[in-house]
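Structure first, commentary second.
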Amino acid sequence: MDDTLLDVRNLTIGATVYPPDAAPKDISIVHGVSFTLAKGRVLGLIGESGAGKSTIGLSAMAYGRGGVRITGGQVFLNGRDILQERAAGLRNLRGQEVTYVAQSAAAAFNPAMRLMDQVVEATVRHGLATRAEAEARAVQLFGQLGLPDPDSIGRRYPHQVSGGQLQRVMTAMALCPRPSLVIFDEPTTALDVTTQIDVLSAIKKAIQDTGVAALYITHDLAVVAQVSDEIMVLKSGKTIEHAQVRQIIEAPQQDYTRALVSVRSIDHTEKEPAAPLLRVDNMTARYPGVKLDVLKDVSVQIAPGQTLAVVGESGSGKSTLARVVTGLLPPSDGQITFDGRTLPAALDGRARDDLRELQMIYQMADTAMNPRHTVGTIIGRPLEFYFGLKGAAKRARVQELLDQIEMGKGFIDRYPAELSGGQKQRVCIARALAAKPRLIICDEVTSALDPLVADGILKLLLDLQAQEGVAYMFITHDLATVKAIADQIAVMHRGKVVRYGPKSQVLAPPFDDYTDLLLASVPEMKVGWLENVVASRKIESAGR
Amino acid sequence: MTRNPIVFLLAQRLSLGLLLLLAASALIFMGTEILPGDVAQSILGQSATPQALANLRNELGLNEPALARYFDWLGGILRGDLGTALTNGQDIWTAMSGRLANTLFLASCAAIIAVPLAIILGVIAVRYRGQWPDKLISGITLTSVSIPEFMLGYIAMFVLTVQFRIFPSVSTIYDSMSLGEKLHAVAIPVLVLVLVVLGHMMRMTRAAILNVMQSAYIETAELKGLRPITVIARHAFPNAIAPVVNVVMLNMAYLIVGVVVVEVVFVFPGMGQYLVDHVTKRDVPVVQACGLVFAAVYIGLNMVADIVSILSNPRLRHPK
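Protein sequence lines, in the order shown, are assigned to chains A and B. Residue numbering for the first sequence is 1 to 544, as defined by full-length UniProt numbering. Residue numbering for the second sequence is 1 to 320, as defined by full-length UniProt numbering.
Have a look at this one:
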């Protein structure tokens with residue numbers, strides 16, 4: 001008996017791009033990818049951004065996002081080539097045979113409709129069940145996925161439930177019409193690690209219970225190793241390697257796969273504690289018009305030339321701490337001491353030299369640069385502002401900085417749009433460096449980057465620290481990054497510092513409850529890790 | 001307020017509206033103060049003696065200080081008294097209410113047709129964006145917006161009255177007419193008004209929906225295999241209501257406040273004609289009263305737009 005569900009043969013996908021000052025041109029995104037997926041199996045598609053993994057996933061629904069077109073090949077679903085289907089046939093396929101779980105459930109749910117209306121919509125519209133039957137199935141799925149109040153959660157609007165819950169509702173929405181294939185497109189990427197683990201195990205259980213086949217798309221190899229049976233590694237629209245999970249993780253055949261598996265290999269020895277450059281004492285802060293304190297009695301220190309990593313989940317107050325230190329948000333209580341002198345709380349009270357010595361790098365390099373300025377102008381601006389450099393002297397210094405960030409000649413006259421994500425972040429680093437600061441606040445600077453690129457940025461930051469003796473306040477939610485670069489760590493939870501000290505102490509037992517949960521939630525590149533963690537949690541909660 | 005932010009927001013909008021109306025009344029009063037011309041002169045004619053003019057001005061209270069007259073006027077309005085016309089001594093509200101009712105009748109007839117039509121055409125334009133139905137709809141509505149309204153009026157009159165003799169060219173209506181007769185009488189001005197306001201509302205509906213169509217949840221809806229028209233009407237339009245309502249209300253206000261030209265072309269006894277008549281006669285109280293009513297309509301409709309926008313936001317309707 002043939003149990004092949006999806007058979008993709010020599011798929012090519014292209015798109016039309018519209019460069020600002022050139023004629024539109026067709027580019028190829030996916031160049032001849034083939035794979036098969038058996039019924040009830042889970043295939044993980046992994047690769048960096050631009051590898052074409054989402055595009056390939058959506059081709060199983062014969063769907064092209066924006067200007068993306070499937071230009072060749074065949075996609076057989078249950079034996080028929082869906083690329084030959086007309087509009088009506090495709091509508092029957094989508095939402096019925098194949099369903100989709102999007103990356104950001106918060107954006108993928110219609111804000112103006114109740115959850116239940118959206119969850120049962122496809123099932124009812126395709127005539128697969130009556131409204132009442134579909135709702136009963138949805139409630140059952142809500143329960144299976146571990147959502148609170150399965151009977152009533154459907155009456156809420158998307159903004160009334162949390163991100164992790166929304167992602168599970170989205171999974172229920174995909175499973176409701178009893179499809180034969182579900183495409184999960186980075187379903188846990190936007191979630192905090194402690195939430196990710198719940199959603200991940202809920203998704204895995206739901207896949208097992210319903211026997212549905214799935215394409216699981218992610219850039220995180222450790223995550224995909226937990227839910228997939230096999231993994232296909234993609235790079236620039238080509239298949240690099242396709243094998244069983246265990247083989248990819250334990251015995252990768254290709255160099256690129258090996259790089260992915262061994263990523264985050266930075267070795268950083270912790271520096272000795274020293275007299276602080278920056279002291280934050282008993283800081284309490286809230287946003288105007290909000291009654292809640294976002295920071296509660298926070299005290300941390302950073303020594304010259306060292307790195308303090310501030311770790312926490314979204315809403316823990318870590319970015320607010322950065323805003324307070326830079327003076328963007330004057331605190332309601334507490335004091336900032338920099339190099340022995342008290343810094344004025346508000347930005348406009350600070351001297352130009354205070355501003356110069358404290359620079360910032362942001363998560364989205366894209367939005368942190370003026371798209372109409374060249375790299376030279378962007379990096380030259382602080383040189384002119386703080387040091388009065390002009391003309392040839394300025395240009396020479398810009399080139400020097402570009403050399404420091406390992407971007408040689410030829411970049412100085414380019415625009416941000418002509419750079420890759422990693423290069424953009426490097427330019428932002430150079431801009432911060434141009435001011436000759438003594439402290440740089442790095443706010444999630446690697447979160448938007450692919451693992452290998454992020455690795456390069458971290459290495460660069462460490463090199464620059466060694467050369468220039470600059471201190472970093474490194475804000476991140478990613479514990480792997482913390483392990484790679486920190487000297488000191490502050491773990492934040494709900495506005496408080498729950499654990500603080502040198503890296504070797506913070507990351508060593510005995511742990512407080514929250515740090516323990518946080519550390520245990522970071523996916524490890526091991527098959528069966530998820531089951532172990534979930535099992536040990538159950539034992540713990542049963543013992544309590 | 002802790003329980004529901006909506007009540008607070010609505011109360012805020014309402015008080016803001018009243019404040020704005022007060023400011024408008026002051027502006028109207030100041031505006032009419034600096035208008036050139038003399039009522040007494042226009043009542044008594046060029047041959048009046050200076051003594052007679054002075055007597056009449058005194059009688060009409062025109063010699064009081066401006067501030068006193070403003071508060072006098074404002075007090076009257078608060079009591080529901082818009083004053084009396086200088087030229088014929090009639091109570092302004094009595095004279096105006098019939099005209100206002102006519103204008104509202106004409107405006108509602110036009111709105112009842114134009115608003116749903118504009119939205120439906122906007123939805124169709126989005127459904128077939130870039131294809132011929134979209135281009136046809138945009139072409140026709142843009143053309144009708146670009147032609148001056150009196151021109152549209154005369155073209156419609158020429159075709160429907162002169163050529164085919166379906167509708168009358170004079171749209172005068174009386175209280176004694178039945179609804180059917182009234183509708184027959186105003187058919188051409190309604191048609192013209194619809195053509196005038198349709199384009200703006202249609203373009204805005206189209207633009208607002210297209211903007212929403214970029215959202216991730218539209219892709220979700222498409223990947224559910226829904227029909228394109230279902231995606232637009234069920235998923236996109238409810239999220240585009242706020243900008244659409246604003247433009248709809250702006251056009252409704254235009255239908256009430258700005259139809260002078262159409263009223264003149266079709267000899268329709270509405271507010272516009274009433275205002276124009278009394279401006280030429282320098283009858284300041286009537287002009288002031290008309291200005292205030294127009295301002296109230298404008299502010300009121302914009303307030304309705306704000307309130308609908310607030311209510312269309314599920315985050316405000318259903319707080320966490």
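Backbone N, C-alpha and C define an ideal beta-carbon position, used for all residues, glycine too. Since the model is a prediction, treat every value here as computed from it, not as a measurement.
>> Is there a C-beta anywhere in chain B that falls below 9 Å from the one on residue 90 of chain A?
In response: Along the first sequence, one-based indexing puts residue 90 of chain A at 90. So yes, residue 90 of chain A belongs to the interface.
>> Taking only three categories from DSSP, how would you classify residue 230 of chain A?
In response: Counted from its first residue, the first sequence places residue 230 of chain A at position 230. Strand.
>> Just to make sure I have the definition right: I need the residues of chain A whose C-beta is within less than 7 Å of the C-beta of residue 217 of chain B. Which are they?
In response: Against the second sequence, residue 217 of chain B aligns to sequence position 217. Within 7 Å Cβ-Cβ: 107, 108, 109 and 110.
> Going by the beta-carbon positions, is the gap between residue 122 of chain B and residue 202 of chain B smaller than 9 Å?
Replying inline: To locate residue 122 of chain B, count along the second sequence from 1; it is residue 122. To locate residue 202 of chain B, count along the second sequence from 1; it is residue 202. In contact: residue 122 of chain B and residue 202 of chain B (Cβ atoms closer than 9 Å).
> So the alpha helix (DSSP H) residue 257 of chain B belongs to, where does it begin and stop?
Replying inline: Locating residue 257 of chain B in the second sequence gives position 257, where the first residue counts as 1. 241 to 257 is the span of the alpha helix (DSSP H), which, as asked, contains residue 257 of chain B.
> Touch check for the region 282 to 289 of chain B and the region 225 to 245 of chain B: three-plus C-beta pairs under 8 Å?
Replying inline: no
> Alpha carbon to alpha carbon, how far is residue 62 of chain B from residue 18 of chain B?
Replying inline: To locate residue 62 of chain B, count along the second sequence from 1; it is residue 62. To locate residue 18 of chain B, count along the second sequence from 1; it is residue 18. C-alpha separation (whole angstroms): 28 Å.
>> Would you say residue 121 of chain A lies against chain B (beta-carbon separation less than 9 Å)?
In response: For the purposes of this step, residue 121 of chain A is taken as residue 121 along the first sequence, with counting starting at 1. Taking Cβ atoms only, chain B reaches closer than 9 Å to residue 121 of chain A, which makes this a yes.
>> What are the residues in the region 203 to 229 of chain B lying within 9 Å of chain A by C-beta distance?
In response: 215, 216, 217, 218, 219, 220, 221, 222, 223, 224, 225, 226, 227 and 228
> So what's residue 161 of chain A in DSSP terms, helix, strand or just coil?
Replying inline: For the purposes of this step, residue 161 of chain A is taken as residue 161 along the first sequence, with counting starting at 1. It is coil, neither helix nor strand.
>> Let me see if you follow: with CB-CB separation under 9 Å, is residue 104 of chain A close to chain E or not?
In response: Here the protein chains are A and B, and chain E is not one of them.
> With a CB to CB cut of under 6 Å and the five nearest residues on each side skipped, what residues in its chain are close to residue 195 of chain A?
Replying inline: On the first sequence, position 195 is the one that residue 195 of chain A refers to. Within the same chain, residue 195 of chain A has close Cβ partners 164.
> How would you write the range of the beta strand (DSSP E) that residue 14 of chain A sits in, first residue to last?
Replying inline: For the purposes of this step, residue 14 of chain A is taken as the residue at position 14 of the first sequence. Residue 14 of chain A -> beta strand (DSSP E) spans 4 to 17.
> Using Cβ-Cβ distances below 9 Å, what residues of the region 45 to 72 of chain A are close to chain B?
Replying inline: 58, 61, 63 and 65
>> Distance check for residue 406 of chain A and residue 53 of chain A, CA to CA, integer angstroms please.
In response: The sequence position of residue 53 of chain A within the first sequence is 53, counting from 1. The sequence position of residue 406 of chain A within the first sequence is 406, counting from 1. Residue 53 of chain A and residue 406 of chain A: Cα-Cα distance of roughly 29 Å.
> So what does residue 493 of chain A bridge to, in DSSP terms?
Replying inline: Here residue 493 of chain A refers to the residue found at position 493 when the first sequence is read from its first residue. Its beta-bridge partners are A:496.
> Does DSSP classify residue 290 of chain A as helix, strand or coil?
Replying inline: Within the first sequence, residue 290 of chain A is the residue found at index 290, counting from 1. Residue state, collapsed to three classes: coil.
> When the Cα atoms are used, what is the spatial distance from residue 143 of chain B to residue 168 of chain B?
Replying inline: To locate residue 143 of chain B, count along the second sequence from 1; it is residue 143. To locate residue 168 of chain B, count along the second sequence from 1; it is residue 168. Those two C-alpha atoms are separated by around 25 Å.
> Does residue 110 of chain B get closer than 9 Å to chain A when you measure Cβ to Cβ?
Replying inline: In the second sequence, residue 110 of chain B corresponds to position 110, counting from 1. No, its Cβ sits nowhere closer than 9 Å to a Cβ of chain A.
> What does DSSP give as the partner residues of residue 218 of chain A in its beta bridges?
Replying inline: Your numbering for residue 218 of chain A matches position 218 in the first sequence. According to DSSP, residue 218 of chain A bridges with A:46.
> Straight-line CA distance for residue 114 of chain A to residue 212 of chain A?
Replying inline: For the purposes of this step, residue 114 of chain A is taken as residue 114 along the first sequence, with counting starting at 1. For the purposes of this step, residue 212 of chain A is taken as residue 212 along the first sequence, with counting starting at 1. Rounded to whole angstroms, residue 114 of chain A to residue 212 of chain A spans 26 Å at the Cα level.
> What residues in the region 145 to 159 of chain A bring their beta carbon closer than 9 Å to a beta carbon of chain B?
Replying inline: 156, 157, 158 and 159
> Can you tell me the Cα-Cα spacing of residue 186 of chain A and residue 44 of chain A, whole angstroms?
Replying inline: Mapped onto the first sequence, residue 186 of chain A falls at position 186. Mapped onto the first sequence, residue 44 of chain A falls at position 44. The alpha-carbon atoms of residue 186 of chain A and residue 44 of chain A are separated by roughly 10 Å.
> When the distance is taken between beta carbons, is residue 430 of chain A closer than 9 Å to residue 404 of chain A?
Replying inline: Here residue 404 of chain A refers to the residue found at position 404 of the first sequence. Here residue 430 of chain A refers to the residue found at position 430 of the first sequence. Closer than 9 Å, so yes.
>> So residue 93 of chain A contacts chain B; which residues on that side make the cut at Cβ distance below 9 Å?
In response: In the first sequence, counting from the first residue as 1, residue 93 of chain A sits at position 93. Per Cβ cutoff of 9 Å: 225.
> For residue 6 of chain B, which residues of its own chain have a beta-carbon under 6 Å away from its beta-carbon, when the five flanking residues on both sides are left out?
Replying inline: Here residue 6 of chain B corresponds to residue number 6 of the second sequence, with the count starting at 1. Correct list, in chain order: 316.
> Roughly how far, in whole angstroms, is the beta-carbon of residue 271 of chain A from the beta-carbon of residue 487 of chain A, given that I think they are within contact range, below 8 Å?
Replying inline: The residue given as residue 271 of chain A occupies position 271 in the first sequence. The residue given as residue 487 of chain A occupies position 487 in the first sequence. Contact flag correct, Cβ pair sits at about 5 Å.
> Taking DSSP as the reference, what is the three-state secondary structure of residue 96 of chain A?
Replying inline: Here residue 96 of chain A is taken as the residue at index 96 of the first sequence, counted from 1. Correct three-state label for residue 96 of chain A: coil.
> How would you label residue 359 of chain A, buried or exposed, when you count the other beta carbons within 10 angstroms and need 16 or more for buried?
Replying inline: The residue you call residue 359 of chain A lines up with position 359 of the first sequence. Around the Cβ of residue 359 of chain A, a 10 Å sphere holds 16 or more other Cβ atoms; the residue is buried.
> Is it right to say residue 10 of chain A is buried, meaning 16 or more other beta carbons lie within 10 angstroms of its own, or is it exposed?
Replying inline: The residue given as residue 10 of chain A occupies position 10 in the first sequence. Counting Cβ neighbours within 10 Å, residue 10 of chain A comes out exposed, since fewer than 16 surround it.
> Using the beta-carbon count (16 or more within 10 Å), is residue 455 of chain A buried or exposed?
Replying inline: One-based indexing of the first sequence puts residue 455 of chain A at position 455. Residue 455 of chain A is classed as buried because its beta carbon has at least 16 other beta carbons within 10 Å across all chains shown.
> Looking only at DSSP bridge pairs, what is residue 302 of chain A linked to?
Replying inline: Taking the first residue of the first sequence as position 1, residue 302 of chain A is located at position 302. For residue 302 of chain A, which the question treats as bridged, DSSP gives the partners A:278.
> Nearest-angstrom Cα distance between residue 155 of chain B and residue 177 of chain B?
Replying inline: Position 155 of the second sequence, counted from the start, is the residue given in the question as residue 155 of chain B. Position 177 of the second sequence, counted from the start, is the residue given in the question as residue 177 of chain B. About 26 Å.
> By Cβ distance below 7 Å, which residues in the same chain neighbour residue 228 of chain B in space, the five residues on each side in sequence not counted?
Replying inline: Within the second sequence, residue 228 of chain B is the residue found at index 228, counting from 1. These residues qualify, in order along the chain: 127.
>> Residues in the same chain with beta-carbon distance under 7 Å from residue 25 of chain B, minus the five sequence neighbours each way, listed in chain order, please.
In response: Along the second sequence, read from residue 1 onward, the residue named residue 25 of chain B stands at position 25. Cβ within range, chain order: 74 and 292.
>> Once DSSP output is grouped into helix, strand and coil, what is the label at residue 359 of chain B?
In response: What is shown of chain B runs 1 to 320, which leaves residue 359 of chain B out entirely.
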